[in-house]
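**Student:** Before I ask anything, let me first share the structure, which is written out below as structure tokens.
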Amino acid sequence: MHPTWGQNRTFSLRNSQLPMPEPLAYSTDTTSQYYIHYKEVFDRKKSLTEAERAIVMWWGDDPTETCSPPGHSYNLATIAIRNSNADLVKAAETYARVGMAVADAFICCWKTKFTYMVERPSSFIKTKISPDDFRGPWLPFFLEPPFPSFYSGHAVQSAATAVVLTELYGPSFSFTDHTHANRPNMTYYVQDASPNKPNPANYADYYPMFRTHSLKYEARHYKSFWAAAQECAESRLMGGIHTRYDNEVGLTEGTKIGRNINALKWH
28 MHPTWGQNRT FSLRNSQLPM PEPLAYSTDT TSQYYIHYKE VFDRKKSLTE
78 AERAIVMWWG DDPTETCSPP GHSYNLATIA IRNSNADLVK AAETYARVGM
128 AVADAFICCW KTKFTYMVER PSSFIKTKIS PDDFRGPWLP FFLEPPFPSF
178 YSGHAVQSAA TAVVLTELYG PSFSFTDHTH ANRPNMTYYV QDASPNKPNP
228 ANYADYYPMF RTHSLKYEAR HYKSFWAAAQ ECAESRLMGG IHTRYDNEVG
278 LTEGTKIGRN INALKWH
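Note that my numbering has the sequence shown beginning at 28, numbered continuously upward.
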């Protein structure tokens with residue numbers, strides 16, 4: 028989406044009137060909240076498990092290769108409709124609510140992103156936390172999108188979707204998400220380094236490299252729509268794309284947006 032997407036008109040007037048949340052104050056002080064949140068991203072990548080990598084890839088929803096994040100949300104709506112044997116009227120309302128919630132979520136999110144222009148974790152980490160890593164410049168586990176970080180688009184649209192689907196199908200609607208189950212195995216790369224001479228003594232004695240790994244896309248089960256939204260948000264921290272603060276604010280704003288969609292006159 029373009030930088031001016033936040034200027035679009037929302038479906039809910041209340042959503043256009045929501046005050047923009049504020050990002051953390053920039054600071055290189057190692058005791059500041061800004062530094063601590065970005066350092067968490069750096070540390071989290073070092074301890075990622077295979078199960079966590081699978082979560083990152085499942086919720087990646089790269090728009091060049093998949094149905095995109097909104098498409099994933101629409102698929103959850105389809106799952107709810109089919110699993111509950113919803114009639115045509117409820118199915119139509121489900122798609123309408125999800126579509127409007129997702130649309131408003133991205134409008135509000137993009138308005139905030141291009142107001143504050145907050146840097147991605149990789150920018151801060153490469154210059155302030157780990158500028159001399161002999162494995163090469165720090166990279167997130169998952170590809171970073173080319174727009175500002177604050178706040179998470181995945182988190183806000185997932186939360187908005189969860190709120191409207193919960194209103195329609197209940198807070199304990201368990202389901203299995205098959206969105207990516209039939210895709211070829213996921214390939215990912217682990218940043219590493221190998222010595223370029225015997226008995227390496229310093230950074231110059233190593234050269235950066237990437238090790239290739241493969242994981243199978245397997246359907247994931249959730250106890251509720253909110254559980255799925257929370258995992259989606261957490262995946263962005265695991266992937267090195269967002270700070271926890273980005274995700275928490277996204278979930279909070281998405282909740283407000285979804286509630287405002289539910290508050291529209293539907294019957």
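All C-beta atoms in this analysis are idealised placements derived from N, C-alpha and C, irrespective of residue type, glycine included.
Whose C-alpha, out of Tyr244, Met144, His294, Ser59, is nearest the C-alpha of Leu195?
**Tutor:** When only C-alpha atoms are compared, the closest one is His294.
**Student:** Does Asp131 come out as helix, strand or coil in the three-state DSSP assignment?
**Tutor:** Residue state, collapsed to three classes: helix.
**Student:** Mind checking Arg109: buried by the 16 CB within 10 Å criterion, or exposed?
**Tutor:** Exposed, since its Cβ has fewer than 16 Cβ neighbours within 10 Å.
**Student:** When you compare the region 142 to 155 with the region 58 to 77, are there three or more beta-carbon pairs, one atom per stretch, that lie closer than 8 Å?
**Tutor:** A contact exists between the region 142 to 155 and the region 58 to 77.
**Student:** Please confirm whether Ser100 and Asn287 have their CB atoms less than 8 Å apart.
**Tutor:** Their beta carbons are not under 8 Å apart, which means Ser100 does not touch Asn287 by this criterion.
**Student:** Is there at least one non-hydrogen atom of the ligand MG closer than 7 Å to the beta-carbon of Gly266?
**Tutor:** What this structure holds is no ligand at all, so the ligand MG is not there to describe.
**Student:** State whether the region 131 to 151 contacts the region 175 to 182, with contact taken as three or more CB pairs (one from each stretch) at a distance under 8 Å.
**Tutor:** Counting Cβ pairs under 8 Å, three or more are found: they touch.
**Student:** So the beta strand (DSSP E) His248 belongs to, where does it begin and stop?
**Tutor:** Start and end: 247 to 249.
**Student:** For the 8 Å Cβ check, are there 3 or more pairs between the region 74 to 82 and the region 189 to 207?
**Tutor:** With a cut-off of 8 Å, the region 189 to 207 and the region 74 to 82 do not count as touching, because too few Cβ pairs lie within range.
**Student:** How far does the beta strand (DSSP E) with Thr203 in it reach, from first residue to last?
**Tutor:** Its beta strand (DSSP E) spans residues 202 to 204.
**Student:** If the criterion is Cβ atoms closer than 8 Å, does the pair Cys136 and Ser185 meet it?
**Tutor:** In this structure, Ser185 does not lie closer than 8 Å to Cys136 by Cβ.
**Student:** Write down the C-beta distance between Val129 and Thr188 rounded to the nearest angstrom, noting that I regard them as a contact closer than 8 Å.
**Tutor:** The Cβ separation is near 6 Å, so the contact holds.
**Student:** If you pair each beta-carbon of the region 276 to 286 with each one of the region 44 to 51, do three or more pairs fall below 8 Å?
**Tutor:** Taking 8 Å as the limit for Cβ pairs, the verdict is that the region 44 to 51 does touch the region 276 to 286.
**Student:** Tell me where the alpha helix (DSSP H) around Leu45 begins and ends.
**Tutor:** Counting along the chain, Leu45 falls outside any alpha helix (DSSP H), and DSSP gives it neither H nor E.
**Student:** Here's the rule I'm using: 16 or more other beta-carbon atoms within 10 Å means buried, otherwise exposed. How should Tyr272 be labelled?
**Tutor:** Buried: at least 16 other Cβ atoms inside 10 Å.
**Student:** According to DSSP, which residues form a beta bridge with Ser241?
**Tutor:** DSSP lists Thr214 as partners of Ser241.
**Student:** Straight-line CA distance for Ile284 to Ala255?
**Tutor:** One C-alpha to the other measures close to 17 Å.
**Student:** Only counting the same chain, and skipping five residues up and downstream in sequence, which positions put a Cβ closer than 6 Å to that of Ala182?
**Tutor:** Only Ala260, Asn274, Gly277, Leu278 meet the Cβ criterion.
**Student:** Following the continuous alpha helix (DSSP H) through Gln257, name the residue where it begins and the one where it ends.
**Tutor:** Gln257 -> alpha helix (DSSP H) spans 252 to 265.
**Student:** Express the C-alpha separation of Ile63 and Tyr53 in angstroms, rounding to a whole number.
**Tutor:** Roughly 11 Å between the two C-alpha positions.
**Student:** With 16 as the cutoff for other CB atoms within 10 Å, does Pro211 come out buried or exposed?
**Tutor:** Under this definition Pro211 is an exposed residue.
**Student:** Reducing DSSP to helix, strand and coil, say where His64 ends up.
**Tutor:** Looking at His64 - three-state DSSP - the assignment turns out to be helix.
**Student:** To the nearest angstrom, how far is it from the Cα of Leu291 to the Cα of Gln44?
**Tutor:** Going from the Cα of Leu291 to the Cα of Gln44 covers about 15 Å.
**Student:** Classify Ser199 as buried or exposed, calling it buried when 16 or more other Cβ atoms lie within 10 Å of its own Cβ.
**Tutor:** Result: exposed.
**Student:** Are Ile156 and Asn35 touching if we call contact CB-CB under 8 Å?
**Tutor:** For Ile156 and Asn35, no; Cβs fall outside 8 Å.
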